[in-house]
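Protein chains in written order, with our numbering: chain G, 2 to 266; chain A, 185 to 556; chain F, 148 to 430.
Even glycine gets a Cβ: it sits at the ideal position worked out from N, Cα and C.
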Amino acid sequence: MQYTALTVAAIVVLLPIYVTVAFSLQTGASALDFPSSLFPFPPELSVFRRVFSVGNLGRYMLNSAIVAVAITVAQVLTSILAGYAFAFLRFPARNVVFVGFLATLMVPSEVTIVANYDTIVGFDWLDSYQGLVAPFMATAFGTFLVRQAFLAVPQDLRDASRLDGYGHWGFMWGVAVPLARPAIAALGVFSFLLAWNQYLWPLLITNTDDRRTVQIGLKTLASNNVNEFNLVFAGTVVASIPIFILLLVFQKQLVRGLTSGAVKG
Amino acid sequence: MPGVSFVEATKKFDDVVALDRLTLDVDDGEFLVLVGPSGCGKSTALRLIAGLEEITSGTLTIGGDDVTEVEPQDRDLAMVFQSYALYPHKSVRQNIEFPLKSRKVPADERSARADQAAALLGLSELMDRRPAQLSGGQRQRVALARAIVREPQVFLMDEPLSNLDAKTRVQTRAELSDLHATLGATIIYVTHDQVEAMTMGTRIAVLNDGRLQQVGTPDEVYDRPANLFVAGFIGSPPMNTVHAAVERDDGSVTARVGRSSVPLDGALAASVAAASVDHVVLGVRPEHLTIGQGPMVATVRNVESLGHERHVVCELAGGPHDPDSSPVAAPLLIVRQSADDASPSVGSTVELVPRLDQLHLFHPDTGERISP
Amino acid sequence: MALMLLLPSLVVFGLFVYYPFGRTIWLGLFRTSPFGNRTTYVGFEQYADVLASSDFHHSLWVTLVFTVMTVPVGLALGLGLAVLAHQRLSGVGIYRTIFSSTVATSVAVASLMFIALLSPSVGLINQIIKGFDGDPIYFLQRPGWALIAVAAVTVWQNLGVTFIVISAGLQSVPDDLYESARLDGASAWMRFVDITLPLVSPTLLFGFVVLTITSFQTFGQIDLLTGGGPLDATNLIVFSIYTEAFRNFNPGVAAAQAVVLFLIVLALTVVQLKLVERRVFYG
């Protein structure tokens, strides 16, 4: 009984994914007949080669990987530095600056796209990796997450490290960061996921295949191949595979990132 | 001379005075225990020496040099924390080597010195474990090893035994004393436990409310407490203290409490005269009272047997002489008896005999010692 | 030292949050002439025009309807899945992974997957309808269906996150509460109403606020599935901003709309937190 309910729910949740996979494995005619369309035997795999040749998905995924890794590394670094300052240093106007950080959470990125687009044009960064990465190199959410983890590090450890001969820099990298590793890992997975899945910003500032990310690449693939739908679905499947694998591996970190008090989409 | 000296040292946190004009010299090689109840300023004093807090006014010198501007890592001292402050993500070896790493000691020397410190503390088998895999006593030793590996001139210890179980604590107490003898370094040790203070310190400094109450060897502090606070704090059970009226008759001087009257000998009488008071607080340690034929009359309220000895709680007959001195209706005295002595029954009336050469007198208003 | 650590973040925020936020407000004060690069300062006139514009009202209305369609349904489904998966059964971990799985889908992937269901030519639903000799339903091309279709994609795509967050809320409810309720003879439904709901209500509130704000930020589904149409039936506010700025080249109007969006999101956050807080068990 309990398993019936769970299984029905699982089928409903998985249906769109399953149908997409099934349709990607067969050519035109056979895919149009229900219910045989749901059982692609024998699977037609040649289309997956075309995803990379015609669809250029390899390049898009490379671009996404470059951009997502750069954003993740930058966000983790800036969050560690700022989180450390808020957790371990006393300085004038600390609360004001902290509120200033949190205030950035109140401004959805959609609000500032017009002005940010102008800025990127001004820097001559249209269709560039810099333009894709730079606006997202800092995060108040990540800073907050790391700060919370740092605040849980006992003050005695800071005192001990001072006597052991370490300044803030040595303590940060030798003690605080290793101890905050779970939170930092959660931030890393979360940042990577958001960066990989970005849509509006890369749509605005990329206009060649050399810089298009995979999300925009899927749009291009779909609009250029309206009649070859199995190619479109194959592209959708291929584009999803890396992130599904990533999340299977880092499920724990992602759950931690999502549930640590604030979710920003 | 790497001694540590406070001169009129004061530390305030905002408006709260944590340490009030402390003047104290710690000699080279000494095992000095700072003892007092929580919030008395002892940990603050230690953190000032460590450089973890900045002094508000006054001076602090280490080895004769003013260290106000010297960073903690440049003070040539090591500290053992109450929580041990071990780095949880590092192995025992990495923890012990950590202070050497920052000082750019070469790797092979680092590991040799860590081995040496570990051997001294019996940690050689545990070098690859993480702190979470160690018992409390083992963690405590790792913290000690991390301190001694640097061979500092001064060790600071902040309640290092308070998280240990009773048996390990006794054992470690002895080990620390041995270590002091072996290393010959200065140890400044903070505790709230007067037993630790008495058993370990070459000298004891008693603090209360941010002020230094008394400094001296354990025996000096025990035998001649400087004021009522020290009398009550050092010794377990604490010294009995009762308000008494001074009565002079024919050249003999007595202290009267209710129906009891204790004769004061020449030296005590002289000190009362010198202080020119007509009331005193009379102090006598529980082991200096016996039950027999004597000048004090009391009722037995309770008998607590500890196995090897017995504490007899007695209520002095006639109540306090000074009506506004004490909220307690009748002063209670504790008599310490050997288990071999006959136990009085609860409710019986007994006479108490104080050792007249072991009486202490304190000023009734200031609480300061007036007897010699 | 502190400045050095904060500087990288502050530079990024300054350049890409604070400055563009101010500039967006500023841009709203200038009107771009049709056919030309000439811009004129018009003060708050343009803001007034935007607030009075029936197109913008429509856009706000559609966004609101979209929010009402997605948020309660999404929360209810997420709660349902979370309660289902919150049982001590062997193999329940696999179901948890399945229910979390849509968290891995981007908006583009989710949209294309729904084309596999909804497309009039190849979509599974229309295949079934055709199998019964029915006429295909043009889900994305009919004003009555398009918003529902986009809402369905959105609910599905958010389901993973909603499930994860609510599950975490459920896990923080101590087991002994359930055990003691069972001893008291409470039925499964009573346990859900009297224990589960009140204790996860803070999590639900949190999800409610986040999902509402997310729905006001919706863009990708619209761009990929309907392009705002048909007949502006899915012209949600962010898509409207995008169209004004990058299709109609009216940055002033887009900026003014963006400021309104900001104010709505701000107000939503504040009002929701204040209002709902009182009805929530230890909110």
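Three-state class that DSSP yields for residue i in the structure shown
{"i": "A/M341", "result": "strand"}
{"i": "G/Y61", "result": "helix"}
{"i": "F/A149", "result": "helix"}
{"i": "F/Y188", "result": "strand"}
{"i": "A/T386", "result": "coil"}
{"i": "A/R395", "result": "strand"}
{"i": "G/D211", "result": "coil"}
{"i": "A/D211", "result": "coil"}
{"i": "A/V468", "result": "strand"}
{"i": "G/T79", "result": "helix"}
{"i": "F/G333", "result": "Going by the sequence as given, residue 333 of chain F is Ala instead of Gly. Residue state, collapsed to three classes: coil."}
{"i": "A/G242", "result": "strand"}
{"i": "A/T533", "result": "strand"}
{"i": "G/N198", "result": "helix"}
{"i": "A/G400", "result": "strand"}
{"i": "A/K195", "result": "strand"}
Neighbouring residues, chain G, relative to residue i (Cβ below 8 angstroms)
{"i": "F/Y285", "result": "Neighbours of F/Y285 on chain G: none; closest Cβ ~15 angstroms, over 8 angstroms."}
Short CB-CB distance (under 8 angstroms) between residue i and chain D
{"i": "G/L158", "result": "Among the protein chains in the structure shown, which are G, A and F, there is no chain D."}
Boundaries of the beta strand (DSSP E) in which residue i is found, first to last residue
{"i": "F/I313", "result": "Run containing F/I313: none in the beta strand (DSSP E); it sits in the alpha helix (DSSP H), P290 to Q318."}
{"i": "A/Q521", "result": "L516 to S522"}
{"i": "A/Y373", "result": "T370 to T375"}
{"i": "F/L324", "result": "Element bounds for F/L324: not the beta strand (DSSP E) but the alpha helix (DSSP H), D322 to L330."}
{"i": "A/Q477", "result": "L473 to S489"}
{"i": "F/I342", "result": "That residue, F/I342, is in no beta strand (DSSP E); it is neither H nor E in DSSP."}
{"i": "A/R494", "result": "E493 to L500"}
{"i": "A/F546", "result": "H544 to F546"}
Beta-carbon spacing of residue i, residue j below 8 angstroms
{"i": "F/T359", "j": "F/L294", "result": "no"}
{"i": "F/Y194", "j": "F/G169", "result": "no"}
{"i": "A/A501", "j": "A/R440", "result": "no"}
{"i": "F/S247", "j": "F/G307", "result": "yes"}
{"i": "A/L218", "j": "A/A234", "result": "no"}
{"i": "A/E535", "j": "A/G478", "result": "yes"}
{"i": "A/L466", "j": "A/L545", "result": "yes"}
{"i": "G/S65", "j": "G/T140", "result": "no"}
{"i": "A/I239", "j": "A/V188", "result": "no"}
{"i": "A/T370", "j": "A/E237", "result": "no"}
Any C-beta of chain F under 8 angstroms from that of residue i
{"i": "G/P109", "result": "yes"}
{"i": "G/S241", "result": "yes"}
{"i": "G/P179", "result": "no"}
{"i": "G/S38", "result": "yes"}
{"i": "G/M138", "result": "yes"}
{"i": "G/A11", "result": "yes"}
{"i": "G/V264", "result": "Unreliable positioning characterises G/V264 in this predicted model, as indicated by a pLDDT of 34, which lies under 50. The coordinate reading is nonetheless provided below. Interface residue, yes."}
{"i": "G/P17", "result": "yes"}
Range of the contiguous alpha helix (DSSP H) that encloses residue i
{"i": "A/H427", "result": "Run containing A/H427: none in the alpha helix (DSSP H); it sits in the beta strand (DSSP E), N424 to D433."}
{"i": "G/Q3", "result": "Q3 to S25"}
{"i": "G/F230", "result": "F230 to V250"}
{"i": "F/I172", "result": "Y166 to L174"}
{"i": "A/K351", "result": "A350 to L367"}
Chain A contact residues for residue i, given Cβ-Cβ distances below 7 angstroms
{"i": "G/G166", "result": "Q257, P283, S286 and R287"}
{"i": "G/G171", "result": "S286"}
Any C-beta of chain G under 8 angstroms from that of residue i
{"i": "F/P155", "result": "yes"}
{"i": "A/H376", "result": "no"}
{"i": "F/M148", "result": "yes"}
{"i": "A/F339", "result": "no"}
{"i": "F/S253", "result": "yes"}
{"i": "F/A263", "result": "yes"}
CB contact below 8 angstroms: residue i versus chain A
{"i": "G/G84", "result": "no"}
{"i": "G/P93", "result": "no"}
{"i": "G/V306", "result": "Because chain G in this structure spans residues 2 to 266, residue 306 of chain G falls outside the shown range and cannot be described."}
Within chain A, the residues that residue i reaches when beta carbons sit closer than 9 angstroms
{"i": "G/R163", "result": "A234, G235, L236, E255, P256 and Q257"}
Within chain G, the residues that residue i reaches when beta carbons sit closer than 9 angstroms
{"i": "A/Y373", "result": "Result: empty, since nearest Cβ-Cβ is about 16 angstroms, beyond 9 angstroms."}
{"i": "F/S206", "result": "Within 9 angstroms Cβ-Cβ: nothing; F/S206 doesn't reach chain G, min ~13 angstroms."}
Contacts that residue i makes with chain F (C-beta to C-beta distance below 8 angstroms)
{"i": "G/P183", "result": "Simply none; closest approach about 15 angstroms."}
Under 9 angstroms from the C-beta of residue i: neighbouring residues of chain F
{"i": "G/A150", "result": "None at all; the shortest Cβ gap to chain F is about 16 angstroms."}
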